[in-house]
Each structure stands twice: as structure tokens, then as C-alpha cells.
Amino acid sequence: MHKPLKEMHPPVFIVTHWINAVSMLILIMSGLYIHFPAFSGFMGAARGVHVFFGIVIFLNCLVRIVLAFFVKDATTMGTREKELDIRNWLPQKENRHQFFPMLRWYLFMKKDYPISAKYATMQKLAYIMIAVMIIAISYTGFCLWGVTNQLAIFAVGNNLVSGLFGFGGGGSLMPMRVIHYCLMWVLIIISLIHIYIATMHGFVAWRMIFLYKEDPDAGEHVDAPAQA
Amino acid sequence: MAEIHKEVYGMAVATDLYERLAAHGITRRDFLKFCGTLAAVMGLSQTAVPQIAAAVGEAAGSGLYPALWINGAACTGCTESIAQATQPNVADIVLDILSLPQMETVMMASGEYAEKAGEEYAAANKGKYILICEGAVTEMLDGNVLRIAEKPYVEILQHYAEGAAAIVAVGSCAVDGGWVRAYPNPAKATGVKAYLDANISNPKKRPPVVNLPGCPVNPLEIIAVVVNVLLTGDLTKILKDPVKELNLDRQNRPKYLYGSTIHDNCERRGHFENGEFVYQFGGQAEADNYCLYAMGCKGPQTYRHCSKLRWNNNMSWCVASGGPCIGCGNFNWVDNNTPFRQRMRRIGAGVIGGPGGLGIAKAGAIVGGVVVVGIGAHALASKATHRIGKNSTLKNEEMKTYDARKLKKKGGSADA
Numbered sequence: 003m004h005k006p007l008k009e010m011h012p013p014v015f016i017v018t019h020w021i022n023a024v025s026m027l028i029l030i031m032s033g034l035y036i037h038f039p040a041f042s043g044f045m046g047a048a049r050g051v052h053v054f055f056g057i058v059i060f061l062n063c064l065v066r067i068v069l070a071f072f073v074k075d076a077t078t079m080g081t082r083e084k085e086l087d088i089r090n091w092l093p094q095k096e097n098r099h100q101f102f103p104m105l106r107w108y109l110f111m112k113k114d115y116p117i118s119a120k121y122a123t124m125q126k127l128a129y130i131m132i133a134v135m136i137i138a139i140s141y142t143g144f145c146l147w148g149v150t151n152q153l154a155i156f157a158v159g160n161n162l163v164s165g166l167f168g169f170g171g172g173g174s175l176m177p178m179r180v181i182h183y184c185l186m187w188v189l190i191i192i193s194l195i196h197i198y199i200a201t202m203h204g205f206v207a208w209r210m211i212f213l214y215k216e217d218p219d220a221g222e223h224v225d226a227p228a229q230a
Numbered sequence: 006m007a008e009i010h011k012e013v014y015g016m017a018v019a020t021d022l023y024e025r026l027a028a029h030g031i032t033r034r035d036f037l038k039f040c041g042t043l044a045a046v047m048g049l050s051q052t053a054v055p056q057i058a059a060a061v062g063e064a065a066g067s068g069l070y071p072a073l074w075i076n077g078a079a080c081t082g083c084t085e086s087i088a089q090a091t092q093p094n095v096a097d098i099v100l101d102i103l104s105l106p107q108m109e110t111v112m113m114a115s116g117e118y119a120e121k122a123g124e125e126y127a128a129a130n131k132g133k134y135i136l137i138c139e140g141a142v143t144e145m146l147d148g149n150v151l152r153i154a155e156k157p158y159v160e161i162l163q164h165y166a167e168g169a170a171a172i173v174a175v176g177s178c179a180v181d182g183g184w185v186r187a188y189p190n191p192a193k194a195t196g197v198k199a200y201l202d203a204n205i206s207n208p209k210k211r212p213p214v215v216n217l218p219g220c221p222v223n224p225l226e227i228i229a230v231v232v233n234v235l236l237t238g239d240l241t242k243i244l245k246d247p248v249k250e251l252n253l254d255r256q257n258r259p260k261y262l263y264g265s266t267i268h269d270n271c272e273r274r275g276h277f278e279n280g281e282f283v284y285q286f287g288g289q290a291e292a293d294n295y296c297l298y299a300m301g302c303k304g305p306q307t308y309r310h311c312s313k314l315r316w317n318n319n320m321s322w323c324v325a326s327g328g329p330c331i332g333c334g335n336f337n338w339v340d341n342n343t344p345f346r347q348r349m350r351r352i353g354a355g356v357i358g359g360p361g362g363l364g365i366a367k368a369g370a371i372v373g374g375v376v377v378v379g380i381g382a383h384a385l386a387s388k389a390t391h392r393i394g395k396n397s398t399l400k401n402e403e404m405k406t407y408d409a410r411k412l413k414k415k416g417g418s419a420d421a
């Protein structure tokens, strides 16, 4: 099998990935504690930390999106050929057709693994979803935060959501609170699936993301870098 | 105009106000303390106290401001709240600035005479009076679900609203339907502003609405608005741009009354920050006045000043008496905040209000659990079919051939 090489995950993306992962973990734990403090002693810290990492994960998401237009990474596994990350992130013309074969592979209806880009098409869609989700959950968070919720951009959201659920007016934050909480569960679910799929083919991805080391036998199938 | 020959911190105050206060057994000190409370409520510094005292003193001696109080679908709790004082107090002096000939619950006249008095008063003060609305607007059966003096309430409201200079919607029912509007809302209850927006098409004929949500409204909330008007001084100027002059927020609530949460000023806030909570009634934590957050207190998402205003002549308020806040200052507060003893409303079958449904934490945990089981099953099946680990599949060259073939079929280029 082809292995992920360092070119596939430039160091800056390893950093943004870790900021995401750590922030998410802290946000989930502090958020659950804020939702219901099952034990004593941490409320002040939980709230402070929750707001801080909420801002961190939002900014990190924006930085990651901007970097996608400037940083190059490998076009596929097992190659040192690189192109702009945004090209690899979005489903490309040459691999969009893999969506259904991939789905069939996950549903045990196809034997061969149809990947031939940096990520599979479904995986790309999932990663786009993650960016959208982080922005959405940050937005709902700012709608709830007393410091920001009277700003026009967030007041509009509160009005919309409370109107949408028949709870009239923007004076009630409960519908937004429910949505913020549900989005957390969606992110947890996406993360669990992400970890599972990243581990399906062994621990090569773990090795890369934790140690930033290529698999010892990764070189076996490495294609030659593109000639300039 | 009252004769001015006394000063409070350099500001002139009408003498006859002190005489009237003295007749009620209220000292100058009591009055200034009251003005100090008002300054705190309105978010002003204590240096504003003499200005408040002067404004109230002047208005108290200069005649009455015309106002009408009408009742829609309500429990009359807001009237009770205004009338809560068991003896004349300072608040009465300020409320006396409003002339309220029409207040059905407490007025002497009844029946035909009462209605006529209201009509005549409104006609004589057309375009000048303040309309104070208590209670929800019920639209079921074309408004006939609530008839007063043989007329639907909606008709009465619209009639008085069109002649008013401004409207103050007191209590949650008048603001957005309150508990009357709770699921399944059989009377199709709504708030005064929503009703008038939908039914008076010409915006110039719609007087500005100040919303004072809460169940019930606190008399100090009404007084604060009155004092706000007195401090601004010029009603015409206020009516030109009430949002700016009365400092209203996006829901037409005065920011100084609804700008911070119950939680922000809660006397149990220290326990919240320390993570000291009441988990069940009757224990030591409750005896120690710990935070009621875990008992479903809605203080953190409820914008009101109850801890500062308090109730029954500043005696107590919900949280001080040991009850978690049920968020009555919120919009559509019953649907949004039930179950009152839980942190969040339920979702599920009754998602648009109503009983039943699933606790949201349980719902999240169930979905999360299903996903974990699904992943486990997929992993086992993948293991059984040798998909887990290093047994993968196509090599790069094969992938490229595969892609090229697919693209060719679709008329694309394989070189990309």
C-alpha cells in the first residue's frame, strides 16, 4: 500500500490539526461541564476556557482555510508531487467520479479501494463539512455569549432561529443553545468516524500526525518528483 | 410649576414633594435612597441621584401625565405587582405622575361607566396619552375568544393604540403572548407589538412600543421608564426616536433594564464560579445557599435585573427565596424553558413546544452510542474481509489507469 509521505501533510497543517484537535477536546469537556456540572469546582475555569478555545478554534479554522490557498501538498499518497492544498481539498474533476465507488467500498459492495488523490472524494467532502461545522458552531457560540450576542450579525441569527422554531423574538437564547449543543454531538460523531477511518489502514497516519515520521517502508512505492 | 427653594447636592427640588412625602411618613433620606436604587437599576452613577430627585420632584408637582391601562388575556399579576405596596411608599409618588383613570382592576367605576370614562379620556388626550397594555392579544375566532364590554379585545387595543403617543407593553403576555401563548396556544395568543405590526399597515400610525417582559413586570421597571422619560425631559424628542432616546435594544426593551442576565448580578454567583451547586432540594448544599444552576436555573440566559430590583418592597426574589430562575423575562418563556428543573428544553416529538420529547443530553448520547456501535460493527466486518491494516488495494499506476478510464468515459482528460 502507498503510505502518506511528509509532503502530504506539511508541518503547518500538522500544527493547525493539533490546535483543532486539542481545542475540540477542551471545548467538548468544558462544554459538557457547563451544560451540566456533574461535579463541583470548575465552573469559572470551564467557562473561561470554553470561550478562549472557542475563539482559538474559530481563528484556527480561518487560518487553515487561508493557508489552503498558499501552501502546497502532495497530490496523492506515495508521491512527492505537490500542488496547492485547495486543489487537493476540494473534489477535483479527476476524482469526483470516485464518490460512488468509495461509498460502495465502505458498504462492502466493492473490493478495490478507489483512492487516487490526496483524499478520497467523500473524505474531501467530510473535511469541507468540518470547516463549515466549526464556523457554524462558533457562530452559535457567539450568539450565546453575552459579550457578542447583541451585535447585529449574531442578533439576526438569534431572531432567525427562535422564529424558525416558533419561539418568537430574539429574546430567548434557548433554541440557539439547543442547536449549539446538537452541533457539538455532530462534531463528536464526525471526529469518531475520522479517527476510525484514519486508523483503518494501520497506524501510518498516527505515526505521521503524532511523530511526523514517514512509515519506514514508505519509500517502496514513492513516485519520482515531477520534473520542473 | 412647583416652588423651588430646597437643594439636593446643589440641584433644586420642589418643596411640595417633600411635604407630600412627609405626609406619607417618608423622609428625605428614604426618597434619596430610592433615587439611588433607580440610578443603579438604570446603570447610572450615583452622581445622577440629584438629577433623578430633581426630575421626579418637578414632575410630581407639575401635573399628571395622561395614561391608559388596558388588560388583555392576563392573570392580572402585573396589576397586582404594581399594587403590591401595602402602604404608600416612594414608588407611589413616581407612579402618581401618571394619571391612570382607566385601570379596570382597581378603578372605582364599573361596566358602562368605566368604558365611557376610558373612551372620553382617550378622546380628550388623543395623540398624547401613553397606552399601558397588560395581557396577551388573543387572535382565535377573529379575536372573539376574548371579549370585553361586548367588543373583541383586539378591536379595543387597535382603537386605543391608534390614538396613543406611545405604548408600554408590561409583562411577558403583552410583550409576546407570555404563558397564554404556551403550547398548544389554543387562543392564538401573541404580543402587542406583533399584533399591531401585522394589523396597522401604515407604520406612521403605529406608536412606538416599549417592551417590559417578565412575569409579572416589576413596578420599578415601569418607574425606571417613567424616570427615563423625565430625565430626557422632552417627550416629543423621545417619540421621534424612541429607540435612541429610551436606549432600547433589538427587542424594544430598555437596555438598562434588560442588558444583563439574572446570573450576572446573582447573589449566588460566587458559588457558581466556585462550582458549588445544589443537586437536590433538602440537602446541605441548599442550606448553604449554593448555586441552583444544576436544578435548571435559567438565570444565565435570562436578561433581567431581579436581583437588584427584588420584589415586595425589596424583600426578596426567586433565587433568594431558594427557587431556581424559570426565565420569565425570556421571550415565549414557557415553551423555551420547560422543563423548569432541567438545564435545557426537550427535543423530539414536541420540538415545537409542548410536553414529551427526549432530554437533549439523552438524545445526543443515544445518537453517539449508535455511531460507536456502527463503527465497531464496520470495523469487525472490515477485519473479516481483510480490509483493516496493510492489505490494501490498488497501486498508483493502477489508480491512474482506473481514473483515466473513468474520465475517458465522461469525456474528460486524464492528464489533469
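In order, the protein sequence lines correspond to chains R and H. Quick note on numbering: the first sequence equals residues 3 to 230 in the working numbering. Quick note on numbering: the second sequence equals residues 6 to 421 in the working numbering. Even for Gly, the Cβ is constructed at its ideal location relative to N, Cα and C.
First through last residue of the alpha helix (DSSP H) which encompasses W74/H: Taken as a continuous stretch (DSSP letters only), W74/H belongs to no alpha helix (DSSP H), being part of the beta strand (DSSP E) at Y70 to N76.
Within 8 Å of chain R by C-beta, residues of the region 341-352 of chain H in sequence order: Answer set for the region 341-352 of chain H: N341, N342, R348, M349, R350 and I352.
Between the CA atoms of C333/H and V175/H - distance to the nearest angstrom: One alpha carbon belongs to V175/H, the other to C333/H, and they sit about 13 Å apart.
Residues near T343/H in its chain [Cβ-Cβ closer than 7 Å; skip 5 each side]: Closer than 7 Å at the Cβ level, and outside the excluded window around T343/H, lie R350.
Between the CA atoms of I28/R and D422/H - distance to the nearest angstrom: Only positions 6 to 421 of chain H appear in the structure, and residue 422/H is not among them; the question remains open.
Range covered by the beta strand (DSSP E) that runs through N317/H: Unbroken run through N317/H: none, as it is neither H nor E.
Neighbour flag for Y298/H against chain R, beta carbons, 8 Å: The beta carbon of Y298/H sits closer than 8 Å to some beta carbon of chain R.
Alpha carbon of L162/R to alpha carbon of C145/R, nearest angstrom: If you take the alpha carbons of L162/R and C145/R, they lie about 11 Å apart.
Distance between M186/R and S32/R (C-alpha atoms, nearest Å): Computed Cα separation, rounded: 12 Å.
Cβ contact check for the region 215-232 of chain H and the region 251-267 of chain H: 3 or more pairs under 8 Å: A contact exists between the region 215-232 of chain H and the region 251-267 of chain H.
Contacts that G373/H makes with chain R (C-beta to C-beta distance below 9 Å): Residues of chain R passing the Cβ test: W187, I190, I191 and L194.
Sufficient close CB pairs (3 or more, under 8 Å) joining the region 99-116 of chain R to the region 131-146 of chain R: No, they do not touch.
Neighbourhood of W316/H by C-beta, 6 Å cutoff - its chain only, sequence neighbours within 5 removed: Within its own chain, the residues whose Cβ lies closer than 6 Å to the Cβ of W316/H, once the five positions on either side in sequence are excluded, are W322, listed in chain order.
Cβ of S32/R within 8 Å of any chain H Cβ: Taking Cβ atoms only, chain H never reaches closer than 8 Å to S32/R, which makes this a no.
A192/H at chain R interface by Cβ criterion, 8 Å: False, the Cβ-Cβ gap to chain R never drops below 8 Å.
Host alpha helix (DSSP H) of P247/H (start-end): It spans P247 to E250 - the alpha helix (DSSP H) in which P247/H sits, taken as one unbroken run.
For G196/H and A128/H, the rounded distance between their alpha carbons: The straight-line gap separating the alpha-carbon atoms of A128/H and G196/H is approximately 25 Å.
Below-8 Å beta-carbon distance, I161/H vs any chain R residue: Not an interface residue.
Under the three-state DSSP convention, the category E497/H falls into: Outside the displayed range of chain H (6 to 421) lies residue 497/H, so it cannot be described from this structure.
Partners in chain R for V377/H, counting only beta-carbon separations shorter than 8 Å: Neighbours of V377/H on chain R, chain order: L194.
Start and end residues, alpha helix (DSSP H) containing N341/H: Unbroken alpha helix (DSSP H) run through N341/H: W338 to N342.
Closest residue to A133/R among V65/R, G50/R and H11/R (Cα-Cα distance): Comparing Cα-Cα distances from A133/R to each of V65/R, G50/R and H11/R, the minimum goes to V65/R.
I205/H, DSSP secondary structure in three states: DSSP places I205/H in coil when its eight states are reduced to three.
7 Å CB neighbourhood of C271/H in its chain, flanking five on each side removed: The answer, listed in chain order, is G304, S312 and V324.
is_contact[Q229/R, chain H] using C-beta, thresh 8 Å: Bear in mind that the predicted position of Q229/R carries a pLDDT of just 41, short of 50, making it too unreliable to give a figure here.
8 Å Cβ cut-off: residues of chain H touching M141/R: The sequence shown places Tyr at residue 141/R, rather than the Met named in the question. Y141/R does not reach chain H, its nearest Cβ partner there being about 17 Å away, counting only Cβ pairs nearer than 8 Å.
Counterpart residues of E139/H in DSSP-defined beta bridges: BP columns for E139/H point to N76/H and V175/H.
Neighbour flag for L22/H against chain R, beta carbons, 8 Å: Output row for L22/H: interface = no.
Opening and closing residue of the alpha helix (DSSP H) in which A76/R lies: Where A76/R is concerned, there is no enclosing alpha helix (DSSP H), although the beta strand (DSSP E) it sits in stretches over K74 to A76.
Among L240/H, I172/H, P189/H and C178/H, the one whose alpha carbon lies nearest that of P213/H: Among L240/H, I172/H, P189/H and C178/H, the Cα nearest to that of P213/H is on I172/H.
CB contact below 8 Å: F286/H versus chain R: Closer than 8 Å: no.
Those residues which DSSP pairs with C296/H across a bridge: F282/H, per the DSSP bridge assignment.
Under 8 Å between C-beta atoms of S86/H and P224/H: Between S86/H and P224/H, the C-beta gap is smaller than 8 Å, which places the two residues in contact.
C138/H to C330/H span [Cα, whole Å]: So the alpha carbons of these two residues sit roughly 25 Å apart.
Of the listed residues A154/H, G77/H, D269/H and D246/H, nearest to S177/H (C-alpha basis): Considering only alpha carbons, the answer is G77/H.
Chain R contacts made by the region 324-336 of chain H, where a contact means CB separation under 7 Å: The residues in question are N335 and F336.
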